[in-house]
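To start, the structure itself, in structure tokens.
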Amino acid sequence: MVLNTLYMDLVRYVVCLCSFIPASVCAMLGWQLFGPYEWSMLDNENDQLEFAWTVVPTFGIIGLCCFNVRCLLYDYFTPASAVVKIVGHQWYWNYEVSHDPDGSYDSYMCDFLNSVDKPLRLHYRRAYSLLVTSADVIHSFALPSFKFKVDAVPGRINQVSFFADRLGVFVGYCSELCGAGHAYMPIVVEVVDPSI
1 MVLNTLYMDL VRYVVCLCSF IPASVCAMLG WQLFGPYEWS MLDNENDQLE
51 FAWTVVPTFG IIGLCCFNVR CLLYDYFTPA SAVVKIVGHQ WYWNYEVSHD
101 PDGSYDSYMC DFLNSVDKPL RLHYRRAYSL LVTSADVIHS FALPSFKFKV
151 DAVPGRINQV SFFADRLGVF VGYCSELCGA GHAYMPIVVE VVDPSI
């Protein structure tokens, strides 16, 4: 929650900064257009064109910022049904799922291709809040099937929302070069239907 609030403050700052610069340019253009003639522009300038190429990108940037804030607010106010803590180690993953009776467990690579001894098991059609960090070096928790990637940075907790909308077994890998055993820390997520 704290990270989301800090991120929202950063977004507000960027929105204010992005609106201040075009507003000052529009003010200068207005002064040039409607000020006294001796202070105004030269005869070879095109007022309408300058006004258009200032105003159109301004509204484009404001629109993109509004879409970003809308997505952030959706993420901020959508309650997660469970919290999953993910800690990257050299060279395995540690998972702690709030609805799992086993509590915290480590996930090591097995002898079979793209398999681990204990996969991360999530329930189908549930919203999760993933808290991702690292205990040693920078890792990256990536699931290409879900188009999902979040960095695991030591000393920092990255919070992201995750919605398991497909059943099956999904494989990913650490996508940040983290040392000699980097290729040996796969991610296996099993999305299961708890009603079956």
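Just so you know, UniProt numbering puts the end of the sequence shown at 196, numbered straight through with nothing missing. Ideal Cβ placement from N, Cα and C applies to all residues, glycine included. Quantities reported herein were computed from a predicted structural model and do not represent experimental measurements.
Between the Cα of Gly30 and those of Cys18, Gln48, Val15, spot the shortest distance and give me the residue it belongs to. Counting from one through the sequence shown, the residue named residue 30 turns up at place 30. When only C-alpha atoms are compared, the closest one is Gln48.
Can you tell me which of the three DSSP states Met8 falls into? Taking the first residue of the sequence shown as 1, we reach residue 8 at position 8. Correct three-state label for Met8: helix.
Nonlocal neighbours in the same chain, by C-beta distance under 6 angstroms from Ile157, ignoring five residues either side: As a working mapping, residue 157 is identified with position 157 in the sequence shown. Contacts found: Leu131, Thr133.
Have a look at Lys118 and Ser195 and give me their C-alpha separation to the nearest angstrom. Looking up residue 118 in the sequence shown gives position 118. Looking up residue 195 in the sequence shown gives position 195. Note on geometry: alpha-carbon atoms of Lys118 and Ser195 lie some 21 angstroms from one another.
Check Cys110 in the structure and name its three-state DSSP category. For the purposes of this step, residue 110 is taken as the residue at position 110 of the sequence shown. DSSP, reduced to helix, strand and coil, places Cys110 outside both helices and strands of the structure shown, so it counts as coil.
Which same chain residues, not among the five before or five after Asp106, have their C-beta less than 6 angstroms away from its C-beta? Here residue 106 is taken as the residue at index 106 of the sequence shown, counted from 1. The residues Tyr92, Asn94, in chain order, have a CB closer than 6 angstroms to that of Asp106 in the same chain once the five nearest residues on each side in sequence are set aside.
Rounded to whole angstroms, what is the Cα-Cα separation between Tyr7 and Pro36? Start at 1 with the first residue of the sequence shown, and residue 7 comes out as number 7. Start at 1 with the first residue of the sequence shown, and residue 36 comes out as number 36. Tyr7 and Pro36: Cα-Cα distance of roughly 45 angstroms.
Round the Cβ separation of Val11 and Val69 to the nearest angstrom and send it over; I've been treating them as touching at under 8 angstroms. For the purposes of this step, residue 11 is taken as the residue at position 11 of the sequence shown. For the purposes of this step, residue 69 is taken as the residue at position 69 of the sequence shown. Taking the Cβ atoms as the reference, Val11 lies roughly 6 angstroms from Val69, within the contact range of under 8 angstroms.
Check Arg70 in the structure and name its three-state DSSP category. On the sequence shown, residue 70 is found 70 positions in, with the first residue counted as 1. Here Arg70 sits in helix by DSSP.
Using the C-alpha atoms, what's the distance from Leu17 back to Ser24? Position 24 of the sequence shown holds residue 24. Position 17 of the sequence shown holds residue 17. Approximately 11 angstroms, taken between the alpha carbons.
Whole angstroms are fine: how far does the CA of Thr58 sit from the CA of Gly181? Looking up residue 181 in the sequence shown gives position 181. Looking up residue 58 in the sequence shown gives position 58. Spanning the two alpha carbons is a distance of roughly 48 angstroms.
Could you please give me the residues that DSSP links to Trp93 through a beta bridge? For this step, residue 93 is matched to residue 93 along the sequence shown. Per DSSP, Gly88, Ser107.
Decide if Val169 is buried, meaning its Cβ has at least 16 other Cβ atoms within 10 Å, or exposed. Start at 1 with the first residue of the sequence shown, and residue 169 comes out as number 169. It counts as exposed.
At which residues does the beta strand (DSSP E) containing Lys149 begin and terminate? Taking the first residue of the sequence shown as 1, we reach residue 149 at position 149. Run containing Lys149: 148-152, per the beta strand (DSSP E) assignment.
State the CB to CB distance for the pair Ile187 and Leu143, rounded to an integer number of angstroms; the pair is presumed to be in contact (CB under 8 angstroms). The residue labelled residue 187 in the question sits at position 187 within the sequence shown. The residue labelled residue 143 in the question sits at position 143 within the sequence shown. For a cut-off of 8 angstroms, the C-beta gap from Ile187 to Leu143 is around 6 angstroms, short enough to register as a contact.
Select from Lys149, Ala82, Ser161, Cys26 the residue whose C-alpha is nearest the C-alpha of His123. The sequence position of residue 123 within the sequence shown is 123, counting from 1. Looking at the Cα atoms, Ala82 is the closest of the given residues.
On the DSSP bridge list, what partners appear for Cys174? The residue labelled residue 174 in the question sits at position 174 within the sequence shown. Phe141, per the DSSP bridge assignment.
In the DSSP assignment, what residue or residues form a beta bridge with Thr133? Along the sequence shown, one-based indexing puts residue 133 at 133. In the DSSP output, where bridge partners are listed per residue, Thr133 has Val87.
For Trp53 and Glu176, I'd like the C-alpha separation in whole angstroms. By 1-based counting over the sequence shown, the position of residue 53 is 53. By 1-based counting over the sequence shown, the position of residue 176 is 176. Their Cα atoms are separated by approximately 41 angstroms.
Would DSSP call Tyr13 helix, strand or coil? Within the sequence shown, numbered from 1, the residue matching residue 13 stands at position 13. Note: Tyr13 maps to helix in three-state DSSP.
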